[in-house]
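Residue numbering for the sequence shown follows the numbering used here, beginning at 276 and increasing consecutively.
Ideal Cβ placement from N, Cα and C applies to all residues, glycine included.
The structure presented is a predicted model; accordingly, all values stated were derived computationally and were not measured.
Take a look at the structure below.
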Amino acid sequence: MDSYENILQVSDLIGGYSRRHPILHELTFHVAPGEVVGLVGLNGAGKSTTIKHILGLLEPIQGEILIKGQTRRTSKERYHTALSYVPETPLLYEQLTLWEHMEFMALSYQLDRAELNQRATELMEQFNMKKMKDWLPERFSKGMKQKVMIMNALLAQPAMYIIDEPFVGLDPQAIHALLEQLKMEKQRGAGIFMSTHILATVEHFCDRFILLHEGRILLQGTLSDWRKQTGLAEASLDEIFMTVTEVDRHES
């Protein structure tokens with residue numbers, strides 16, 4: 276039996292690129308099984324730096340990050356195979372076709388051929404990419420490249436998804452397909468941590484939200500929690516975001 280309550284647990288994280296000038300200041304948050312948590316903030320708030328720490332691209336100056344109860348130090352392999360990452364900017368191998376990208380992902384996560392064939396075919400149909408199965412990345416538009424990254428992440432069906440600005444470059448049909456797939460993954464019990472600027476889209480999709488501002492958490496909780504914390508009883512997510520960040524900017 277797994278001895279963890281939250282799929283992702285970040286505790287007292289201080290981080291950045293320099294010990295003398297940290298970007299993140301004592302961040303504590305979690306993502307539970309079957310939960311979608313949205314990370315929002317202005318440009319430069321520290322969202323990408325937070326994600327880099329979760330992915331292990333940066334080492335914490337202080338604090339701890341666990342996925343399924345494991346840190347990268349206790350079990351790097353179990354830590355990384357428990358998550359899938361969708362970056363803001365697509366990163367593809369120019370010499371591999373769409374199908375070969377998915378084969379490579381299946382190999383990385385030890386999926387068998389039957390799982391690959393079934394899951395990949397379903398995803399290509401959902402994202403309208405079946406005709407592009409044998410295409411190389413040079414033929415893809417930016418939106419198509421983003422679809423490949425998303426399909427690869429979904430293929431593995433991990434315990435935890437880390438998703439950075441997933442809607443950039445996607446058409447409305449692809450956004451709908453992505454949200455439907457993530458709903459199914461949520462029902463399966465996966466945790467989803469999503470950074471985005473498209474607040475109107477995620478307001479009714481995410482269970483909770485984290486507002487990061489200048490490397491600190493200003494607000495954390497459900498939309499109802501945010502309304503209570505700010506006294507903005509009828510405000511939308513976007514309205515609260517604009518009000519709080521504007522007030523903080525003037526007070527700084």
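Next on the checklist: So, for Phe442: in the same chain, excluding its five sequence neighbours on each side, which residues have a beta-carbon less than 6 Å away from its beta-carbon?
Outcome noted: The residue given as residue 442 occupies position 167 in the sequence shown. Its chain contains Ile450 and Ile473 as the residues whose beta carbon lies nearer than 6 Å to that of Phe442, once the 5 sequence neighbours on both sides are disregarded; these appear in chain order.
Checklist entry - With burial defined as no fewer than 16 other Cβ atoms inside 10 Å of the residue's Cβ, what is the status of Ile401: buried or exposed? => result The count along the sequence shown starts at 1 and reaches residue 401 at position 126. Sequence inspection shows Gln at residue 401; the Ile mentioned does not correspond to that position. Gln401 comes out buried.
Next on the checklist: Just to confirm my understanding: we take Ala439, look at its own chain, exclude 5 residues before and 5 after, and list those with CB closer than 6 Å. What are they?
Outcome noted: Position 164 of the sequence shown, counted from the start, is the residue given in the question as residue 439. A small fix is needed here, since residue 439 is Asp in this sequence, not Ala. Contacts found: Ile326, Pro362, Glu363 and Ser470.
Checklist entry - Taking Cβ to Cβ, would you say Leu283 is nearer than 8 Å to His305? => result Counted from its first residue, the sequence shown places residue 283 at position 8. Counted from its first residue, the sequence shown places residue 305 at position 30. The criterion of a C-beta distance shorter than 8 Å is satisfied by Leu283 and His305.
Checklist entry - Which value, in whole angstroms, describes the spacing of the CA atoms of Pro412 and His355? => result Indexing the sequence shown from 1 puts residue 412 at position 137. Indexing the sequence shown from 1 puts residue 355 at position 80. The alpha-carbon atoms of Pro412 and His355 are separated by roughly 25 Å.
Item to check | Bounding residues of the alpha helix (DSSP H) (the contiguous stretch that carries Gly313) | outcome: As a working note, residue 313 is residue 38 in the sequence shown. Not the alpha helix (DSSP H): Gly313 falls in the beta strand (DSSP E), residues Val311 to Val315.
Checklist entry - Which of the three DSSP states, helix, strand or coil, is assigned to Arg483? => result The residue labelled residue 483 in the question sits at position 208 within the sequence shown. Strand at Arg483.
Item to check | Span separating the alpha-carbon of Met276 from that of Gly344 | outcome: Translated into positions along the sequence shown, residue 276 becomes position 1. Translated into positions along the sequence shown, residue 344 becomes position 69. Since pLDDT at Met276 reaches only 37, below the 50 mark, its modelled position is unreliable, and no value is offered.
Next on the checklist: Under 8 Å, with one C-beta from each stretch per pair, do the segment 454-467 and the segment 375-393 reach the 3-pair mark?
Outcome noted: Contact between the segment 454-467 and the segment 375-393 is absent, because fewer than three Cβ pairs lie under 8 Å.
Item to check | Beta-carbon proximity check, Thr505 vs Asp482, cutoff 8 Å | outcome: Translated into the one-based positions of the sequence shown, residue 505 becomes position 230. Translated into the one-based positions of the sequence shown, residue 482 becomes position 207. Against a cut-off of 8 Å, the Cβ pair of Asp482 and Thr505 comes out as no contact.
Next on the checklist: Pop quiz: Asn281 and Ala307 are said to be a contact at Cβ under 8 Å. What is the actual Cβ separation, rounded to whole angstroms?
Outcome noted: Numbered from 1 along the sequence shown, position 6 holds the residue referred to as residue 281. Numbered from 1 along the sequence shown, position 32 holds the residue referred to as residue 307. So it is a contact: roughly 5 Å between Cβ atoms.
Item to check | alpha helix (DSSP H) runs contained entirely in the segment 372-450, provided each spans 4 or more residues | outcome: Those alpha helix (DSSP H) runs which fall completely within the segment 372-450 and span 4+ residues are 373-383, 388-401 and 417-430.
Item to check | Cα-Cα separation, Met399 to Met377 | outcome: One-based indexing of the sequence shown puts residue 399 at position 124. One-based indexing of the sequence shown puts residue 377 at position 102. Separation of Met399 and Met377 (C-alpha to C-alpha, rounded to the nearest whole angstrom) is 10 Å.
Checklist entry - Under the rule that 16 or more other beta-carbon atoms within 10 Å means buried, what is Thr303, buried or exposed? => result What you label residue 303 is simply residue 28 of the sequence shown in a count that begins at 1. Exposed, because fewer than 16 other Cβ atoms sit within 10 Å of the Cβ of Thr303.
Checklist entry - Between which two residues does the alpha helix (DSSP H) harbouring Gln504 extend? => result Locating residue 504 in the sequence shown gives position 229, where the first residue counts as 1. Element bounds for Gln504: Leu498 to Thr505.
Next on the checklist: Taking the beta carbon of Lys322 as the centre, do at least 16 other beta carbons fall within 10 Å, making it buried, or is it exposed?
Outcome noted: On the sequence shown, residue 322 is found 47 positions in, with the first residue counted as 1. Burial call: buried.
Item to check | Close-in-space but distant-in-sequence residues of the same chain around Leu454 (CB under 7 Å, 5 per side omitted) | outcome: Working through the sequence shown from its first residue, we reach residue 454 at position 179. Answer for Leu454: Phe480, listed in chain order.
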